[in-house]
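One structure is given here, and the rest of the page talks about it.
In our numbering, the protein residues as written are 13 to 436.
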């Protein structure tokens, strides 16, 4: 973590952050393969929580407050609003439904993004429902109370998280809600050792066309565990977000998701795959299913989060046994060794007569990886079962996390609501 008191270093990072996003008009420019994956593996989990879309977890509490207080303006503050794509959509959706008793104050450090956001609000006809304020979240001090505080992919850019969360809590009305969508993996969006081992195994099965890093404009014969926080504030304290939220707030609705699969559907490598190609779809399905198995067993932890938090205790709702507490990855954690050795990339193993491997299906090698990892995961699951059987029922009751009314998705396997016993 960057020392907060190192002013020259902090100012350098601020300049880099401003430069990085000065001309970025579409922050949510994700590859088509991301949509394929998210519709199949994220949307059903959101629906189990009662939300039709990612925006819905922000829109529903705002719509409810507008309906409950028709004669009062509902105040909302957005922390790190960027180009305000989400905020404009929320305002437009509420206005279309007849609710205009709201004001969303958008806090953003980048003047270029504020300018684009204001123009977007005008184009959507909701400029009266939004206000824009240049602010550094590391030093922002709340000067009023809000019914809703929202943060979409902004907390992982913040160094002074404790300060910001203190301010967010003090800014919330007694029945207010903090709604967040963010990345909660390792700092700098790096892979923790247990996830990196799986990634390297999978990487060795992929065709060369999967391994070009579109963001860094380079081919990666071997996957490089890149630290994104070396420039600006990208992922500067990502791993601290969820633990600190649990110290400052009470979780209400929570969905943690994705770890290994994120690498293959995000901006860096996701543009190399196409949902139009069966080979790519099968590859994504296999990795996604393996990823969910590993999360289910606690071998890896989710790196993405969609959640709402309250200032007072409330009933928690989450998917299966993937509670917020279950999804925290302890930096001091030790984990079972899953991978003994990492094979060379497939291009060095099975090239065709032309010296390329483009015709080799990516899923052939991945199937072997899946068998190997599933075998290790099976051992972990059996060990967890033995641990539970050895524990007394009273001890189990005492150690079990809060249960959730949510079950598995349609067609899914049932799952215990208690700790599965994977070492932390």
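Each residue gets a CB set at the ideal place from its N, CA and C atoms; glycine is no exception.
Starting from the Cα of residue 236, find the closest Cα among 90, 204, 33 and 115 and give me that residue.
One-based indexing of the chain shown puts residue 236 at position 224. Nearest C-alpha to residue 236: 204.
Excluding sequence positions up to five away, which residues of its chain have a Cβ less than 6 Å from the Cβ of residue 192?
Here residue 192 corresponds to residue number 180 of the chain shown, with the count starting at 1. For residue 192, where only same-chain residues beyond five positions count, the Cβ hits under 6 Å are 163 and 319.
Note down, one range per segment and in chain order, each alpha helix (DSSP H) of at least 4 residues found wholly within the stretch 119-191.
123-136 and 173-183
I need the straight-line Cα distance from residue 297 to residue 75, nearest angstrom please.
Locating residue 297 in the chain shown gives position 285, where the first residue counts as 1. Locating residue 75 in the chain shown gives position 63, where the first residue counts as 1. Whole-angstrom Cα-Cα distance: 35 Å.
Residues in the same chain with beta-carbon distance under 6 Å from residue 262, minus the five sequence neighbours each way, listed in chain order, please.
Counting from 1 along the chain shown, the entry for residue 262 is found at position 250. Excluding residues within five positions, the ones whose Cβ falls inside 6 Å are 322, 325 and 326.
Less than 9 Å separating the beta-carbons of residue 199 and residue 172?
On the chain shown, position 187 is the one that residue 199 refers to. On the chain shown, position 160 is the one that residue 172 refers to. Cβ atoms of residue 199 and residue 172: not closer than 9 Å.
If contacts are defined as beta-carbon pairs under 8 Å, then residue 89 and residue 117 qualify, I think. What distance do you get, rounded to the angstrom?
For this step, residue 89 is matched to residue 77 along the chain shown. For this step, residue 117 is matched to residue 105 along the chain shown. Residue 89 to residue 117, Cβ: 5 Å. Contact.
Is the stretch 302-320 in contact with the stretch 257-275, if contact means three or more CB pairs nearer than 8 Å?
yes
Considering residue 265, what are the terminal residues of the beta strand (DSSP E) in which it resides?
Within the chain shown, residue 265 is the residue found at index 253, counting from 1. That run of the beta strand (DSSP E) goes 262-269.
Starting from residue 105, trace the alpha helix (DSSP H) both ways and give me its first and last residue.
Against the chain shown, residue 105 aligns to sequence position 93. Note, residue 105: alpha helix (DSSP H), 97-108.
Could you check what DSSP says for residue 38 in three-state terms: helix, strand or coil?
As a position in the chain shown, residue 38 is number 26, starting the count at 1. Three-state result, residue 38: coil.
Applying the criterion that 16 or more other CB atoms from any shown protein chain within 10 Å of the CB defines a buried residue, is residue 109 buried or exposed?
The count along the chain shown starts at 1 and reaches residue 109 at position 97. So residue 109 counts as exposed.
Given residue 85 as reference, the closest of 286, 309 and 157 once Cα atoms are compared:
Numbered from 1 along the chain shown, position 73 holds the residue referred to as residue 85. Among 286, 309 and 157, the Cα nearest to that of residue 85 belongs to 157.
DSSP state of residue 87, grouped into three classes?
Reading the chain shown from its first residue, position 75 is the one you call residue 87. Looking at residue 87 - three-state DSSP - the assignment turns out to be strand.
On a CA-only basis, which of 299, 232 and 339 is nearest residue 251? Give me that one, please.
In the chain shown, the residue the question calls residue 251 occupies position 239. Cα-wise, what sits closest to residue 251 is 339.
At the level of alpha carbons, what is the spacing between residue 242 and residue 185?
Indexing the chain shown from 1 puts residue 242 at position 230. Indexing the chain shown from 1 puts residue 185 at position 173. C-alpha separation (whole angstroms): 37 Å.
Anyone know if the C-beta pair for residue 133 and residue 96 falls short of 9 Å?
Against the chain shown, residue 133 aligns to sequence position 121. Against the chain shown, residue 96 aligns to sequence position 84. Yes. Within cutoff.
Relative to the C-alpha of residue 63, which candidate in 197, 331, 259 and 240 has its C-alpha closest?
Position 51 of the chain shown holds residue 63. Comparing Cα positions, the closest option is 331.
Starting from residue 70, trace the alpha helix (DSSP H) both ways and give me its first and last residue.
Taking the first residue of the chain shown as position 1, residue 70 is located at position 58. Taken as a continuous stretch (DSSP letters only), the alpha helix (DSSP H) holding residue 70 covers 68-80.
Residue 281 to residue 292, Cα distance in whole Å?
As a working mapping, residue 281 is identified with position 269 in the chain shown. As a working mapping, residue 292 is identified with position 280 in the chain shown. Straight-line Cα distance between these residues: approximately 12 Å.
Starting from residue 318, follow the beta strand (DSSP E) in both directions and report where the run begins and ends.
The residue you call residue 318 lines up with position 306 of the chain shown. Note, residue 318: beta strand (DSSP E), 316-322.
Skipping 5 residues on each side, what residues in its chain have a beta carbon closer than 6 Å to that of residue 260?
Walking along the chain shown from the start, residue 260 turns up at place 248. Taken in chain order, the residues that qualify are 177 and 181.
To the nearest angstrom, report how far apart residue 70 and residue 152 are at their CA atoms.
As a first step, residue 70 must be located in the chain shown, where it is residue number 58. As a first step, residue 152 must be located in the chain shown, where it is residue number 140. Cα to Cα, the separation comes out at about 22 Å.
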